[in-house]
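S.K.: Sharing a structure with you now.
Number of protein chains: 2
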Amino acid sequence: MTEFYDQEQKIILQLNEIYKQMSPKFERCTGISQSRLEILHKLMKVDEITQTALKQQVNIDGAAVTRHLKQLEEKEIISRRRNPEDNRVTFVQLTTEGRRKIECYCTEKESFISKVFNGFSEEERTVLSELLNKVQNNVKQID
Amino acid sequence: MTEFYDQEQKIILQLNEIYKQMSPKFERCTGISQSRLEILHKLMKVDEITQTALKQQVNIDGAAVTRHLKQLEEKEIISRRRNPEDNRVTFVQLTTEGRRKIECYCTEKESFISKVFNGFSEEERTVLSELLNKVQNNVKQID
DNA sequence: TATCAATGATTGACGCATCAATCATTGACC
DNA sequence: GGTCAATGATTGATGCGTCAATCATTGATA
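One line per chain: the protein sequences are Y and P, in this order. Under our numbering, think of the first position of the first sequence as 791, with each following residue one higher. Under our numbering, think of the first position of the second sequence as 791, with each following residue one higher.
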């Protein structure tokens with residue numbers, strides 16, 4: 791109905807395209823998927839964390855978390871153990887080897903991200919972040 | 791390296807989250823996935839179009855296009871025919887029934903999008919679109 | 001103590017995207 | 001006319017996400 795519909799539609803399209811273009815490039819450049827690196831990044835900041843807490847922090851489905859962790863465990867990047875006080879919950883932790891590897895990933899990620907914001911002023915970044923925040927809040931309220 | 795790294799990283803996170811939160815809600819609200827609706831939207835604007843051209847316009851993999859069209863064909867929303875002058879290429883076209891159905895989807899989409907931009911001024915939308923464009927161009931140049 | 005609801009993790013089925021491999025058709029070139 | 005590279009569409013394998021169903025464990029309660 792609004793006369794600004796075309797503009798709005800274009801922004802939605804831009805958001806989608808950025809995501810679709812960025813994700814595969816991120817993965818090629820850094821050697822790891824965004825989700826998985828996000829998991830590892832959370833793990834890096836703590837000693838040990840509950841799988842449920844981790845799931846909430848990275849905001850992906852528990853099933854997906856389980857599968858990520860399973861593979862990371864096979865590669866011996868993380869280790870898991872049951873909580874002896876409550877056998878339902880499992881603790882997740884980086885191995886020392888894992889912790890070392892992530893350093894590299896993070897360096898690559900940093901370099902990737904700086905390319906994404908090439909030519910941006912601090913002002914522009916701030917404005918962009920605020921506007922995105924506004925969008926995000928609106929989206930959150932839908933339904 | 792840059793001292794603004796945290797801010798940049800946050801924006802990347804915001805972009806991802808918006809995408810991840812918006813996509814499923816879009817689908818629930820409109821009753822159709824974004825990609826599929828984008829395909830139909832392109833089809834609505836033309837009489838007939840080549841499958842390759844369609845693929846380029848929606849910017850997704852040919853394999854995915856084939857699979858979408860296959861299902862849309864089964865539901866009799868679109869129809870396809872070979873180009874008699876070159877049997878390799880296939881033309882895609884909305885059926886009249888399909889064209890009718892899309893009207894509804896588009897109405898829902900419009901309502902959805904207006905919620906996403908609730909409270910935005912025209913100025914803000916313009917700035918956002920420009921900044922996203924800048925991001926997109928940077929991403930395009932990576933690799 | 002037996003039952004039962006809640007919680008956490010896992011698995012299965014599915015959707016949607018990618019890439020790589022394959023198949024059919026075409027057109028150019030010997 | 002036969003060969004061969006290019007083009008367009010399809011299929012298969014894989015990755016990653018969702019939801020729904022299931023399983024084990026726990027704690028409250030009759």
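Where a beta carbon is used, it is the ideal one built from N, C-alpha and C, also for glycine.
#1: Only counting runs of 3 or more residues, tell me where the beta strand (DSSP E) segments fall wholly within the segment 844-929 of chain P, in order along the chain.
#2: Is isoleucine 839(Y) helix, strand or coil by DSSP?
#3: Assign arginine 826(Y) to buried or exposed, taking buried as 16 or more other Cβ atoms, counted over all protein chains shown, within 10 Å of its Cβ.
#4: In angstroms with no decimal places, state the Cα-to-Cα distance between lysine 810(Y) and asparagine 877(P).
#5: Report yes or no: do three or more beta-carbon pairs, one from the segment 854-869 of chain Y and one from the segment 829-841 of chain Y, lie closer than 8 Å?
#6: How far does the alpha helix (DSSP H) with serine 823(P) in it reach, from first residue to last?
#7: Are the beta-carbon atoms of aspartate 837(Y) and lysine 845(Y) separated by less than 9 Å?
#8: In chain order, what residues of the segment 837-862 of chain P put their CB closer than 9 Å to some CB of chain Y?
#9: Going by C-alpha distance, which of Ala843(P), Lys924(P), Arg818(P) and Val925(P) is nearest valine 879(P)?
#10: Between glycine 821(Y) and glutamate 898(Y), is the Cβ-Cβ spacing less than 9 Å?
#11: Going along chain P in order, which residues have a C-beta closer than 7 Å to the C-beta of methionine 812(Y)?
#12: Is the distance from the Cβ of valine 925(P) to the Cβ of isoleucine 808(Y) below 9 Å?
#13: Does aspartate 796(Y) come out as helix, strand or coil in the three-state DSSP assignment?
#14: Any idea what DSSP makes of isoleucine 959(Y), helix, strand or coil?
#15: Would you kindly work out how many angstroms separate the C-alpha atoms of methionine 812(P) and glutamine 847(Y), rounded to a whole number?
#16: Using a Cβ cut-off of 9 Å (strictly closer), state whether glycine 909(P) contacts chain Y.
#17: Taking C-alpha atoms, which residue in Lys905(Y), Phe881(Y), Glu900(Y) and Phe816(Y) lies nearest to asparagine 928(P)?
M.R.: This is what the structure holds:
#1: The qualifying runs are 868-873 and 876-884.
#2: Assignment of isoleucine 839(Y) by DSSP, reduced to helix, strand and coil, places it in the strand class.
#3: With 16 or more other Cβ atoms within 10 Å, it is buried.
#4: If you take the alpha carbons of lysine 810(Y) and asparagine 877(P), they lie about 32 Å apart.
#5: Three or more beta-carbon pairs drawn from the segment 854-869 of chain Y and the segment 829-841 of chain Y are found closer than 8 Å, and the two stretches are therefore classed as touching.
#6: For serine 823(P), no alpha helix (DSSP H) run applies, since DSSP gives it neither H nor E.
#7: Remark: C-beta atoms of aspartate 837(Y) and lysine 845(Y) do not approach each other more closely than 9 Å.
#8: Those would be Asn849 and Ile850, in chain order.
#9: Comparing Cα positions, the closest option is Ala843(P).
#10: Result yes, Cβ atoms of glycine 821(Y) and glutamate 898(Y) sit closer than 9 Å.
#11: For the C-beta of methionine 812(Y), the chain P residues within less than 7 Å are, from N- to C-terminus, Val929.
#12: Contact: yes.
#13: Three-state result, aspartate 796(Y): helix.
#14: Outside the modelled stretch of chain Y, which goes from 791 to 933, sits residue 959(Y), for which no answer is possible.
#15: Approximately 18 Å between the Cα atoms of the pair.
#16: Glycine 909(P) belongs to the set of residues whose beta carbon lies under 9 Å from a beta carbon in chain Y.
#17: Closest option to asparagine 928(P), judged by alpha-carbon separation, among Lys905(Y), Phe881(Y), Glu900(Y) and Phe816(Y): Lys905(Y).
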